[in-house]
Amino acid sequence: MSLSTENTAPVQGSHRDREIVEAKVIVTSPGRNFVTLKIVTRSGVVGWGDATLNGRELAVAAYLQEHVVPNLIGRDAGRIEDTWQFFYRGAYWRRGPVTMSAIAAVDVALWDILGKMAGLPLYQLLGGRSREGALVYAHANGRDIAEASDEVGKYRELGFLAIRAQCGVPGVKKAYGISTAGKPYEPAESELPAETVWSTPRYLDIAPRLFEQLRADHGDEIELLHDVHHRLTPIEAARLARSLEPYRLFWMEDATPAENQQSFALIRQHSVTPLAVGEVFNSIWDCKQLIEQQLIDYIRTTIVHAGGITHVRRLADFAALHQVRTGFHGATDLSPVCMGAALHFDTWVPNFGIQEYMFHSEQMLEVFPRDYEFRAGRLHVGDSPGHGVSMDEKLAARYPYVPRQLPVARLEDGAMWDW
Ligand code: GCO
Ligand code: MG
Numbered sequence: 025m026s027l028s029t030e031n032t033a034p035v036q037g038s039h040r041d042r043e044i045v046e047a048k049v050i051v052t053s054p055g056r057n058f059v060t061l062k063i064v065t066r067s068g069v070v071g072w073g074d075a076t077l078n079g080r081e082l083a084v085a086a087y088l089q090e091h092v093v094p095n096l097i098g099r100d101a102g103r104i105e106d107t108w109q110f111f112y113r114g115a116y117w118r119r120g121p122v123t124m125s126a127i128a129a130v131d132v133a134l135w136d137i138l139g140k141m142a143g144l145p146l147y148q149l150l151g152g153r154s155r156e157g158a159l160v161y162a163h164a165n166g167r168d169i170a171e172a173s174d175e176v177g178k179y180r181e182l183g184f185l186a187i188r189a190q191c192g193v194p195g196v197k198k199a200y201g202i203s204t205a206g207k208p209y210e211p212a213e214s215e216l217p218a219e220t221v222w223s224t225p226r227y228l229d230i231a232p233r234l235f236e237q238l239r240a241d242h243g244d245e246i247e248l249l250h251d252v253h254h255r256l257t258p259i260e261a262a263r264l265a266r267s268l269e270p271y272r273l274f275w276m277e278d279a280t281p282a283e284n285q286q287s288f289a290l291i292r293q294h295s296v297t298p299l300a301v302g303e304v305f306n307s308i309w310d311c312k313q314l315i316e317q318q319l320i321d322y323i324r325t326t327i328v329h330a331g332g333i334t335h336v337r338r339l340a341d342f343a344a345l346h347q348v349r350t351g352f353h354g355a356t357d358l359s360p361v362c363m364g365a366a367l368h369f370d371t372w373v374p375n376f377g378i379q380e381y382m383f384h385s386e387q388m389l390e391v392f393p394r395d396y397e398f399r400a401g402r403l404h405v406g407d408s409p410g411h412g413v414s415m416d417e418k419l420a421a422r423y424p425y426v427p428r429q430l431p432v433a434r435l436e437d438g439a440m441w442d443w
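Per the numbering used here, the sequence shown starts with residue 25, numbered consecutively.
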């Protein structure tokens, strides 16, 4: 038997129907930038994959366009695993957010195609339903504690069972997670990074007071979450985690940067507040120790930034061995295509914890028709084949790319800090 290069070898029999004949990278900005990959088979089945990397969109678009698309044409769309291995193992330069977002887009588009060919929703291909709907958490934020508490009240009225809460920090001009009055929170606001100032002592004073007030105003039943957004050192994070214990958080997120995975051991030694981390991870290797040593409770790495369903499924299975549950990133900078795929995954994955859910605007949802919907605190996927989200290409073409970058943070003395 001779080995042929898959992308040039003729595809035979029924495989011929599955041959990839088109792969197109689409950048659109209906209120924010999204990068989408469209894959089409010879028989006309279309699959959609999200490749959005906030503030670095064009890097992924170029990686796809220049280095991935030429390898896709002629391949068998049914060879999902082999295609993943080709782009990951086959490539000398591995990992990193740009590469893994590009691979994710291919992978999700291929799973979408498989679902459509089989006439089955994606969760069914993964092994079927484990639950009726995916518990989600919304974002409540306010310039001060009172405003944040009002926001929590609004989300409770909408039926949310879990809410992430953030409030302004007195003396800090632009605290993480706080929106400009009346607008939804979108951090990538300007062409060049906005400069923000960070003060750990001021933040450590206010954060426990926020949750004390939220429990007083809203009782014990609602699940509360909080995002530290990588701002603390491990010992500061340990102090915060301990001071939040009386308010029984669902989780404390991204307490400290996780390049040094072992640093989470310090937080663990001092507190039983559950820990979540990983929205910036793009590989199982970024969290191997964190999971193996049970240094975290929830892994946030989601489909679009970590090589798609094929890789995140491995990650979730590995996490399950250590009683770590999923809590996928779901900010608005992940497109509805990623949300659709993530929700199918959530519907199946046995060790599901929670799913983040920030609302895409109506304008965004017009570009990405979807069949998932919110009911009583949970998101429910539809039963259409594949992941249930597509794109209106004509509409997308009306919204050209707008350069936007994420902010940076400095300490009060001007030194750079983690944003
Ligand atoms: C979250 C995240 C976001 C990120 C954003 C960056 O928990 O939702 O921290 O707010 O900052 O996705 O692109
Ligand atoms: Mg976060």
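Ideal Cβ placement from N, Cα and C applies to all residues, glycine included.
Quick caveat: nothing in here was measured; it's all calculated off a predicted structure.
Let me check one thing: in DSSP terms, what residues is residue i bridge-paired to?
{"i": "residue 52", "result": "58"}
{"i": "residue 165", "result": "190"}
{"i": "residue 397", "result": "404"}
{"i": "residue 385", "result": "In DSSP, residue 385 forms no bridge with anything."}
{"i": "residue 102", "result": "Bridge partners of residue 102: none, in fact."}
{"i": "residue 74", "result": "60"}
{"i": "residue 356", "result": "Residue 356 is not bridged to any residue."}
{"i": "residue 315", "result": "DSSP lists no partner for residue 315."}
Following a CB-centred definition, is residue i positioned closer than 8 Å to any heavy atom of ligand 1?
{"i": "residue 357", "result": "yes"}
{"i": "residue 430", "result": "yes"}
{"i": "residue 79", "result": "yes"}
{"i": "residue 175", "result": "no"}
{"i": "residue 213", "result": "no"}
{"i": "residue 278", "result": "yes"}
{"i": "residue 354", "result": "yes"}
{"i": "residue 247", "result": "no"}
{"i": "residue 384", "result": "no"}
{"i": "residue 406", "result": "no"}
Ligand 2 heavy atoms versus the CB of residue i: any closer than 8 Å?
{"i": "residue 329", "result": "no"}
{"i": "residue 346", "result": "no"}
{"i": "residue 442", "result": "no"}
{"i": "residue 253", "result": "yes"}
{"i": "residue 303", "result": "yes"}
{"i": "residue 66", "result": "no"}
{"i": "residue 324", "result": "yes"}
Select from the options the residue whose C-alpha is nearest the C-alpha of residue i.
{"i": "residue 293", "options": "338, 57, 320", "result": "320"}
{"i": "residue 373", "options": "360, 74, 334, 117", "result": "334"}
{"i": "residue 413", "options": "55, 127, 139", "result": "139"}
{"i": "residue 199", "options": "176, 187, 184, 224", "result": "224"}
{"i": "residue 163", "options": "203, 141, 82, 361", "result": "203"}
{"i": "residue 100", "options": "46, 188, 348", "result": "46"}
{"i": "residue 14", "options": "59, 122, 314, 443", "result": "Limits of the chain in this structure are 25 at one end and 443 at the other, which puts residue 14 out of reach."}
{"i": "residue 173", "options": "270, 235, 123", "result": "235"}
{"i": "residue 110", "options": "187, 441, 331", "result": "331"}
Between which two residues does the alpha helix (DSSP H) carrying residue i extend?
{"i": "residue 373", "result": "Per DSSP, residue 373 belongs to no alpha helix (DSSP H) and is neither H nor E."}
{"i": "residue 416", "result": "Looking at the DSSP string, residue 416 is not in any alpha helix (DSSP H), and its letter there is neither H nor E."}
{"i": "residue 437", "result": "That residue, residue 437, is in no alpha helix (DSSP H); it is neither H nor E in DSSP."}
{"i": "residue 135", "result": "121–142"}
{"i": "residue 236", "result": "224–242"}
{"i": "residue 253", "result": "Per DSSP, residue 253 belongs to no alpha helix (DSSP H) and is neither H nor E."}
{"i": "residue 282", "result": "Run containing residue 282: none; DSSP gives neither H nor E here."}
{"i": "residue 332", "result": "332–345"}
{"i": "residue 148", "result": "146–150"}
{"i": "residue 96", "result": "93–96"}
Just reading off the beta strand (DSSP E) that residue i is part of, what are its end residues?
{"i": "residue 351", "result": "349–352"}
{"i": "residue 296", "result": "That residue, residue 296, is in no beta strand (DSSP E); it is neither H nor E in DSSP."}
{"i": "residue 277", "result": "275–277"}
Report task. Pair every Cβ in the region 335–342 with every Cβ in the region 378–390, then say whether three or more of these pairs are closer than 8 Å. Result -> no
Query - the region 68–77 contacting the region 430–439, beta-carbon criterion three pairs below 8 Å - result: no
Report task. Could you tell me whether the region 397–404 touches the region 124–134, where touching means 3 or more Cβ pairs closer than 8 Å? Result -> no
Query - Stretch pair the region 256–264 + the region 225–243: three plus CB contacts closer than 8 Å - result: yes
Report task. Decide yes or no for the touch test of the region 151–166 against the region 190–199: beta carbon pairs closer than 8 Å, at least 3 of them. Result -> yes
Report task. Kindly confirm or deny that the region 269–285 and the region 306–319 touch, where touching means at least three C-beta pairs closer than 8 Å. Result -> yes
Query raised in the report: Are the region 110–129 and the region 88–102 touching, with three or more C-beta to C-beta distances below 8 Å?
Result: yes
Query raised in the report: Does the region 418–429 come close enough to the region 39–55 that 3 or more CB-CB pairs lie under 8 Å?
Result: yes
Query - the region 73–91 / the region 138–158 touching (three or more Cβ pairs under 8 Å) - result: no
Query raised in the report: Is there contact here, the region 261–270 with the region 293–304, by at least three beta-carbon pairs under 8 Å?
Result: yes
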